[in-house]
Amino acid sequence: MTRTATSQSFAAPPLGDARIVSADDFVFAPLPGGRTAVATPVSPAAGSTHVTLHVVRIASGESFSPDSSVEEENTAVVFEGRGSATVGSRSHRIERAHAVYAPTGQALSLTADTEGLTVYVWRTPLTAGRQPGTDPEPFSTLWDETTQLRGFGGTGQMAPDSDRATMNFVFWPGNGSSQLCLHCGIQQPGQTFNVHLHPDSDEAFIAFEGVGQMYLRDRWIDVAPGDVLYAAPGVLHGARNPHTGPEAQRFVTCGGPSPYDPALYSAAGLSSEVR
Numbered sequence: 271m272t273r274t275a276t277s278q279s280f281a282a283p284p285l286g287d288a289r290i291v292s293a294d295d296f297v298f299a300p301l302p303g304g305r306t307a308v309a310t311p312v313s314p315a316a317g318s319t320h321v322t323l324h325v326v327r328i329a330s331g332e333s334f335s336p337d338s339s340v341e342e343e344n345t346a347v348v349f350e351g352r353g354s355a356t357v358g359s360r361s362h363r364i365e366r367a368h369a370v371y372a373p374t375g376q377a378l379s380l381t382a383d384t385e386g387l388t389v390y391v392w393r394t395p396l397t398a399g400r401q402p403g404t405d406p407e408p409f410s411t412l413w414d415e416t417t418q419l420r421g422f423g424g425t426g427q428m429a430p431d432s433d434r435a436t437m438n439f440v441f442w443p444g445n446g447s448s449q450l451c452l453h454c455g456i457q458q459p460g461q462t463f464n465v466h467l468h469p470d471s472d473e474a475f476i477a478f479e480g481v482g483q484m485y486l487r488d489r490w491i492d493v494a495p496g497d498v499l500y501a502a503p504g505v506l507h508g509a510r511n512p513h514t515g516p517e518a519q520r521f522v523t524c525g526g527p528s529p530y531d532p533a534l535y536s537a538a539g540l541s542s543e544v545r
């Protein structure tokens, strides 16, 4: 049986213009008639401008679909477990670090295998004047290195760190994403994805792997896997891995601004025209 959730279904504490939400503080509400449960740490109901972020625990053998009555794009990242994803008429096996993009007008369904699935799902409506891509790519992984941003120095509000992280563009205008984007920051030990802002975009991203720090407003904050950052337009944010030495591991983040920010693609020498 498929369980659905609307963008406004689950209340969360007010975000104000920025907040880091610990995974330990997520409040999960069961969907009717099953064992699947949803937390919504970021949503317009809690104060975001454009984006909703669901955290969905899909029970073994059950399926989840975002509310199809709302015209929104959907992007999903598998945090734990295995299963399958369907976008329109196309299906694909999914597991940890796999990503799924469903453009406006195409239904998204996620189904868990016996061990269940935990999935982060970003949602946003198209802004005026934007149209779905002509040939969007529905399936990828966070480790897709096809298109990258290297050496990003931030947007000028803070002095940049010289040891700079690499960002994978997983879903972006170049492969058909017209509003949402999904980027994956790979912060190796000692590296920083430099502090920046988006003048017209919400930012919602998560700590996916390892322990590190996220910058928000005016300070660095320790985070752990599953934690969520939300920054309204104009709010400074970034990510870094302050750990070094033989025991240090990479720190991985994923998410992105909504609507997508052309400045990031310009910094990578890429067009932001939707394919």
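Following the numbering used here, the numbering of the sequence shown begins with 271 at its first residue and continues without gaps. Note that the Cβ used here is the ideal one computed from N, Cα and C, for glycine as well. No experiment lies behind these values; they were computed from the predicted model shown.
Decide if residue i is buried, meaning its Cβ has at least 16 other Cβ atoms within 10 Å, or exposed.
i: Pro-408; result: buried
i: Thr-397; result: exposed
i: Trp-392; result: buried
i: Ser-277; result: A caution first: Ser-277 carries a pLDDT of 38, below 50, which makes its placement in the model unreliable, though a value can still be read off. Buried, by the Cβ-count rule.
i: Pro-527; result: buried
i: Thr-384; result: exposed
i: Thr-416; result: exposed
i: Ala-494; result: exposed
i: Ala-369; result: buried
i: Gly-399; result: exposed
Considering just the uninterrupted stretch of the beta strand (DSSP E) at residue i, what are its terminal residues?
i: Leu-485; result: Inspection of the sequence shows that residue 485 is occupied by Tyr rather than by Leu. First-last of the beta strand (DSSP E) with Tyr-485: 482-486.
i: Gly-386; result: 378-394
i: Gly-526; result: 521-528
i: Ser-410; result: 409-411
Can you tell me where the alpha helix (DSSP H) holding residue i begins and where it ends?
i: Ala-315; result: Here Ala-315 belongs to no alpha helix (DSSP H), and DSSP marks it neither H nor E.
i: Tyr-535; result: 532-537
For residue i versus residue j, is the C-beta spacing smaller than 9 Å?
i: Leu-486; j: Leu-467; result: no
i: Tyr-390; j: Ala-355; result: no
i: Ser-330; j: Arg-363; result: no
i: Gly-426; j: Thr-462; result: no
i: Asp-497; j: Ala-293; result: yes
i: Gly-351; j: Glu-365; result: yes
i: Phe-334; j: Val-308; result: yes
i: Val-559; j: Ala-367; result: Any property of residue 559 remains undetermined from this structure, which presents the chain solely from 271 to 545.
i: Ser-339; j: Pro-406; result: no
i: Glu-343; j: Leu-450; result: yes
i: Gly-403; j: Asn-464; result: no
i: Thr-394; j: Pro-529; result: yes
i: Gly-353; j: Thr-310; result: no
**Request:** Kindly confirm or deny that the region 311-324 and the region 369-382 touch, where touching means at least three C-beta pairs closer than 8 Å.
**Result:** no
**Prompt:** Should the region 301-315 be called in touch with the region 511-523, which here means at least 3 C-beta pairs below 8 Å?
**Reply:** By the Cβ criterion, the region 301-315 is not in contact with the region 511-523, since fewer than three pairs of Cβ atoms, one from each stretch, lie closer than 8 Å.
**Asked** Along the chain, which unbroken stretches of the beta strand (DSSP E) at least 3 residues long are found entirely within the region 318-346?
**Response** 322-328 and 333-336
**Stretch-stretch touch, CB-based, cutoff 8 Å, three pairs: the region 520-538 with the region 463-483** = yes
**Prompt:** Would you call the region 435-450 and the region 476-495 in contact, with 3 or more CB pairs under 8 Å?
**Reply:** no
**Item:** Segments assigned alpha helix (DSSP H), at least 4 residues, entirely inside the region 448-516
**Value:** none
**Message:** For the pair the region 491-510 and the region 463-472, tell me if three or more CB-CB distances fall below 8 Å.
**Reply:** yes
**Prompt:** Are there three or more Cβ pairs, one per stretch, closer than 8 Å when the region 308-323 is compared with the region 283-300?
**Reply:** Touching, yes, given that three or more Cβ pairs across the two stretches are closer than 8 Å.
**Any 3 or more C-beta pairs closer than 8 Å across the region 426-441 and the region 451-458** = yes
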